[in-house]
Structures are given as C-alpha cells and as structure tokens.
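Taken in sequence, the protein lines are chains A and B. Each residue of the first sequence is one higher than the one before, counting from 1 in our numbering. Each residue of the second sequence is one higher than the one before, counting from 63 in our numbering. This report refers to the structure that appears directly beneath it.
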Amino acid sequence: MKLAGLLVMPAGFFLSIAALVLFPASNAAARTAFVLCGLAVEALGLVVAARGHMDAQGKSRP
Amino acid sequence: MNLISPPVMSEATFVLVLASLLLAPLAIAGVALINTGFGRSRSAAQSLLGSLAIVAVAAIAFALIGASLIGTTGGAGHAFHLAGKPWNWLGAGPLFLNGLAAAPPQAQLGLLFEFLAVAFAAIIPWGSGADRLRLAAGCAVAALLGAIVFPLFTHWTWAGGWLSQLGVNFAVGSGFLDPAGAATIHVLGGLSALAVAWIAGPRRGKFPPGAFATAMPGHNAVYILFGCLLALAGWLAFNVAGAVLWMHAPLAALPVTAINTLLTASGAVAATFTVTRIRFGKPDASLCANGWLSGLVASSATAAIVSPVQSILIGLIAGVLTPLLVEVLELAASIDDPSGAIAVHAAGGLWGLIAAGALAPQPGQFIAQLAGIATLLGLVLPLVYLLFWLVNRVIPFRADPDGERLGMDLHELGGGAYPEFVIHRDDSYR
C-alpha cells in the first residue's frame with residue numbers, strides 16, 4: 001500500500017508539468033487548476049503511503 | 063534565475079558573500095546541537111559524531127560526483143526537447159572538481175554555497191532517525207544525498223536546469239525561485255527525514271499497542287535552545303549569500319533580507335509560544351524551538367522577496383502550523399520523528415515556497431512555485447524513498463533491539479557522552 005501511494009505521486013507530478021506544456025500562459029486559471037489537481041493527486045498518494053506505513057507497523061491509533 | 067550568465071559580481075559583493083558563507087556553518091552546528099538535544103542522553107555522543115561524519119561524507123560524495131552533476135549556469139549539461147522547448151535535466155561538469163582553481167571566482171562561491179547546502183541537507187534526516195539509526199546508515203544516506211539526489215534537484219533549481227527556466231520557456235513568472243535553499247536544503251532534507259522515519263520505524267516503546275504514543279522528551283533543552291540561537295547566525299549568512307548568488311540581489315537589498323530572516327523566525331516563535339501556552343497551559347520549550355526553526359526555514363524562501371510585515375505574517379503562520387503538524391504526525395500518522403524535522407524542514411520549507419509564490423511581484427510566480435513543490439513531492443520523495451529502501455537492504459538502518467536498549471553511544475561507540483552521570487532507566491523498555 002505504501003508503494004502504491006509512492007507510485008501515485010509521480011503521476012501527480014506529470015499532471016502538474018503537463019499543465020504548463022498544454023495550456024498557454026494567457027490561460028492562467030486553467031494552468032493553476034491543473035497544477036493544483038496534480039498536487040492533489042500527490043497529496044492523495046502521500047496519504048495512501050502514510051496509511052500503508054501505519055498498517056505495516058500495525059499501529060492504528062486508538 | 064532566468065539569466066543564462068549571471069551578472070558579474072563586484073569585489074565588495076564577492077567579499078561580503080565569502081564572509082557570509084564562512085559564517086553559514088553555524089546553521090549546521092545549530093541543527094546538529096538541536097538534533098542531539100532532542101535525542102536521549104544515552105545517544106548524545108553518537109548523534110554529534112554522526113553529524114560530523116555525515117557532513118564529511120556528504121562533502122566528499124559531492125566533491126567526487128555531485129558537483130559534476132550540478133554543473134554551472136550556462137555550462138555543459140544534458141537536455142532533451144519536448145513541446146519545442148529544451149528540458150535541461152542534468153549538469154555535465156568536470157568530475158572530481160577538476161579545473162576548480164581556474165573557474166571564475168563567482169562560480170567558486172556558488173560551489174562553496176552548494177557544499178554547505180549539501181552538508182546541511184544531509185544532517186536533517188539524521189535527527190529523525192535519532193536513538194535507532196546506525197552511524198553507517200546515516201553515512202550511506204549522506205552519500206546518496208550528496209552524490210545523487212541533491213545534485214539532481216539543485217541543477218534544476220540553481221544551475222540553469224528546467225525548473226529555473228520555466229519563466230523563459232513557459233512564461234511562468236521568473237521560473238522556480240529558491241533564494242537560500244528552502245527547497246534544495248530543507249524540503250529535500252525534510253522529505254529524506256520522512257523516508258528515514260518510515261524505513262527505520264519508531265523507537266521501541268514509542269507506540270505501544272492499544273495505547274497512546276509514549277512521550278519521549280529530548281534530554282537537553284539547553285542544547286536545543288542554544289542551537290536555535292546558533293542557527294540564526296548561520297541562517298542570516300545563508301539567506302544573504304543566497305540572495306546574491308541565486309537572485310542576483312544588489313548590496314542595498316541585503317540588510318532587508320537579514321531583517322526579514324529575523325522577523326520571520328520571531329513571528330514563528332511568538333505564534334508557537336502562544337499556541338502551546340493556550341493548548342498546554344504553559345509554553346513548550348521544544349515546540350517553541352521547532353517553531354523558531356520553521357520560521358527560519360520559511361525565511362529561506364521568502365526573506366529576499368517579501369517585505370518585513372509580510373515576513374512577520376509568514377512567520378506567524380509557520381509558528382501556528384508547526385506544533386499542530388508535529389502532533390498530527392506523531393498521533394495520527396504514527397511517525398516517530400524525535401527532532402520534528404518533517405514538520406520543521408519539509409512543511410516549513412513548503413509553506414515558505416508557497417508564500418514566496420503568492421507574494422512575489424512577478425505574475426505567474428505562484429504557478430512556478432507550485433511546479434517546484436510538485437517536483438519535490440511527486441519526484442524527489444519517491445526517488446529518495448526508493449534509494450533509501452535499497453540501501454536499507456544492504457546496510458540496515460536500524461540498530462538491533464539490544465543496542466537500542468543500551469543506547470547508541472554504548473552500542474556504537476563503546477562509551478557514553480556523560481560518563482560521570484547516571485543514565486536513568488527508561489520505563490518504556492520494561
């Protein structure tokens with residue numbers, strides 16, 4: 001699960017960079033939205049990795 | 063940051079930057095002292111010796127390999143073309159620092175800054191592995207950071223790589239801005255700390271089954287707080303030198319940069335003091351130290367860009383976020399980070415980068431900063447975790463249980479830091 005989360009994170013990176021390539025500078029709103037979506041995907045991956053770490057440790061908090 | 067060839071530096075500026083860089087190791091000394099204070103008394107000598115060893119290993123790895131991979135702005139590099147634009151992703155400087163003596167003085171100053179930066183970045187994860195990370199593993203981590211990870215990201219940021227060229231190629235502000243190492247030193251070090259904490263696991267007895275996390279306070283608050291004061295002197299030096307080297311700031315702008323550094327840290331410690339006073343009834347010295355440091359970390363991104371009032375606000379927010387994040391990481395995510403490096407360096411640095419993007423005068427700078435953050439989280443963290451995971455297969459990160467119980471000083475060094483004092487038994491090992 002931790003590895004799955006860490007593999008999702010590069011997907012978010014490529015989404016963010018694709019926004020810069022695909023959208024012109026004049027369309028700043030779309031660029032920002034796509035970059036933020038990429039960061040959201042990375043955050044999701046980070047959360048999954050953190051959950052995976054907790055499961056692996058067998059340390060679910062009371 | 064977009065300039066292919068940086069402007070020529072005057073003699074006075076050169077002297078000032080060199081003098082600043084000679085003071086910058088105080089920041090490393092401060093963080094080493096803080097890491098030691100946050101650990102246990104029976105691991106204190108191993109902690110400080112580890113800091114020395116890590117600085118040495120990181121510097122040697124950087125000299126032999128890393129400096130070549132960073133290259134210099136406008137120098138040789140590896141690039142591919144995508145969407146009609148060059149993506150410069152790796153430097154191609156001479157190996158083993160060949161020809162350094164003949165390099166322009168300004169390039170030598172930049173290299174000195176990078177040497178100090180890599181040493182600084184490498185000791186950050188050492189604090190997260192306190193009380194269970196083996197010395198050999200700490201050195202292996204430092205070698206990887208010095209030879210591969212730091213040079214790769216630093217080339218992208220400071221040496222004409224693709225992140226610094228986002229402004230030229232895609233009209234995104236002035237490209238990714240990192241005036242004094244908020245990303246290259248602190249976020250990189252903080253994410254490495256996260257990887258180390260994940261791989262090494264928590265200290266024995268930290269998270270007992272079916273109960274709340276055990277409090278394991280640092281053994282010496284004086285080390286921690288004095289380390290904070292030492293770190294301030296080093297941070298002033300880093301921020302002033304970085305503003306000149308990587309932002310090409312004029313001499314007249316440097317006093318404001320130094321003032322902003324102090325104000326950000328001051329705002330942060332004031333906020334943490336207030337938050338912990340409200341939350342616990344009394345201010346918490348350890349968390350206040352973390353707050354101070356997180357303010358300094360945020361200032362690495364913002365001090366050369368924002369106004370003094372904005373610096374105070376940035377510090378206040380950093381100071382509120384840090385104690386909350388320390389608690390969330392420990393209680394909700396089961397991450398045992400004795401020095402708080404993840405909250406202080408990773409989160410503080412990310413906050414500084416966001417604030418710099420939001421407050422910079424250039425249009426589009428916010429997107430550039432977000433692209434840099436996306437690179438750190440989406441590319442650097444998985445890379446660091448993968449490399450550390452591989453190293454852990456060869457050089458186990460964690461000391462054996464008996465060594466952890468004895469303390470890292472006795473286990474690894476054969477003697478303690480305080481031989482004339484009784485080391486108290488720890489209830490968590492019963």
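Positions of the beta carbon are idealized from the N, C-alpha and C atoms, including for glycine. Computed from a predicted model, the values in this text were never measured in an experiment.
CB contact flag (G377 (chain B), A330 (chain B), <7 Å):
Their beta carbons are under 7 Å apart, which means G377 (chain B) touches A330 (chain B) by this criterion.
Report yes if the CB atom of L207 (chain B) is closer than 7 Å to the CB atom of A184 (chain B), and no otherwise.
Contact flag set, yes.
Top-ranked residue by Cα proximity to G191 (chain B), from B:E482, B:V93, B:A259:
Closest option to G191 (chain B), Cα to Cα, is B:A259.
Tell me the DSSP secondary structure of F483 (chain B) in three-state form.
Coil at F483 (chain B), not helix or strand.
Secondary structure at H140 (chain B), three-state DSSP: helix, strand or coil?
If DSSP states are grouped into helix, strand and coil, H140 (chain B) belongs with the strands.
Between S396 (chain B) and I261 (chain B), what straight-line distance do the alpha-carbon atoms span, to the nearest angstrom?
For S396 (chain B) and I261 (chain B), the distance between alpha carbons rounds to 13 Å.
Thinking C-beta only, is I286 (chain B) closer than 7 Å to I429 (chain B)?
The answer is no: Cβ separation not under 7 Å.
Determine the direct distance from the alpha carbon of G112 (chain B) to that of N64 (chain B), and round the result to whole angstroms.
In this predicted model, N64 (chain B) has a pLDDT of only 41, less than 50, meaning its place in the structure is not dependable enough to derive any value.
Looking only at its own chain, which residues have a Cβ that is under 6 Å from the Cβ of G223 (chain B), when we skip the five neighbours before and after it?
Result list for G223 (chain B): N150, H217, in chain order.
Chain-order list of residues whose beta-carbon lies under 8 Å from that of L393 (chain B) (same chain, five-residue window excluded)
Counting only Cβ-Cβ distances below 8 Å, and skipping sequence neighbours, we find F274, A275.
Is the CB of P432 (chain B) under 7 Å away from at least one CB in chain A?
Contrary to the premise, residue 432 (chain B) reads as Leu rather than Pro in this sequence. The beta carbon of L432 (chain B) falls within 7 Å of a beta carbon belonging to chain A, placing the residue at that interface.
Can you check whether the C-beta of A50 (chain A) is within less than 7 Å of a C-beta belonging to chain B?
Look at A50 (chain A): its C-beta is under 7 Å from a C-beta on chain B.
Contact residues within the region 224-236 of chain B, judged by C-beta distance below 7 Å to chain A
Within the region 224-236 of chain B, the qualifying residues are L228, F232, A233, V234.
Can you confirm whether A34 (chain A), when its beta carbon is compared against all beta carbons of chain B, has any partner nearer than 7 Å?
The residue you asked about is not Ala; residue 34 (chain A) is Phe in the sequence shown. No, because no Cβ of chain B sits closer than 7 Å to the Cβ of F34 (chain A).
Under the rule that 16 or more other beta-carbon atoms within 10 Å means buried, what is R455 (chain B), buried or exposed?
Exposed: under 16 other Cβ atoms inside 10 Å.
Would you say V302 (chain B) and T319 (chain B) are within 7 Å of each other, going by their C-beta atoms?
Yes. Within cutoff.
Output, in chain order, the set of chain B residues within a Cβ distance shorter than 9 Å of M9 (chain A).
Here the neighbours are L439, G440, L441, L443, P444.
Cβ shell of E73 (chain B) (< 8 Å), same chain only, five flanking positions each side left out
Excluding five sequence positions before and after E73 (chain B), none of the CB atoms of its chain fall closer than 8 Å to its own CB.
Members of the region 443-463 of chain B that neighbour chain E once the beta carbon cut-off is set at 7 Å
Absent here is chain E; the protein component of the structure consists of chains A and B.
Endpoints, the beta strand (DSSP E) within which N150 (chain B) is located
Counting along the chain, the beta strand (DSSP E) containing N150 (chain B) begins and ends at 147-153.
Can you tell me which residues form a DSSP beta bridge with L195 (chain B)?
L195 (chain B) is bridged to B:R460.
To the nearest angstrom, how far is it from the Cα of S60 (chain A) to the Cα of M54 (chain A)?
Confidence at S60 (chain A) is low in this model, with a pLDDT of 45, below 50, so the placement of that residue should be treated as unreliable; the coordinate-derived value is given next. Taking the straight line from one Cα to the other gives about 6 Å.
Should A121 (chain B) and F175 (chain B) be called a contact, given that it needs their Cβ atoms to be closer than 7 Å?
For A121 (chain B) and F175 (chain B), no; Cβs fall outside 7 Å.
Rounded to a whole number of angstroms, what is the C-alpha to C-alpha distance between A283 (chain B) and A91 (chain B)?
Approximately 16 Å between the Cα atoms of the pair.
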